[in-house]
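Here the structure is laid out as structure tokens; the discussion comes afterwards.
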Amino acid sequence: MFWKWAKLSTGDVDVVEEECNFTSESAQILIREIMGCNRDLENLKQNINDVQQKMKNITDVLGRI
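Right under this line is the structure:
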């Protein structure tokens, strides 16, 4: 199967269209990349939640002073 790929971006980069052979192997590579990014996003979300909780705790302590 051939996949028509368009790369769109802003700035001084033009739109690029190319035909490439999209295989099951390339799909699996993309899926692994997406899963890795999703894991990284989940870790970032947890870190943000941890920082927000620490900030709330600090605010609570400072409010008692």
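So the sequence shown is numbered by this note's numbering: it starts at 156 and just counts up by one. By construction, the Cβ of each residue, glycine as well, lies at the ideal position given by its N, Cα and C atoms.
Using the C-alpha atoms, what's the distance from residue j back to residue i?
| i | j | result |
| --- | --- | --- |
| Ile186 | Ser179 | 10 Å |
| Met210 | Asp195 | 23 Å |
| Ile213 | Asn204 | 14 Å |
| Val183 | Asn193 | It should be noted that the sequence gives Gln, not Val, for residue 183. If I take the Cα positions, the gap works out to 15 Å. |
| Gln208 | Ser181 | 41 Å |
| Ile189 | Asn198 | 14 Å |
| Asp215 | Asn176 | 58 Å |
| Lys200 | Gly191 | 14 Å |
| Leu217 | Val206 | 16 Å |
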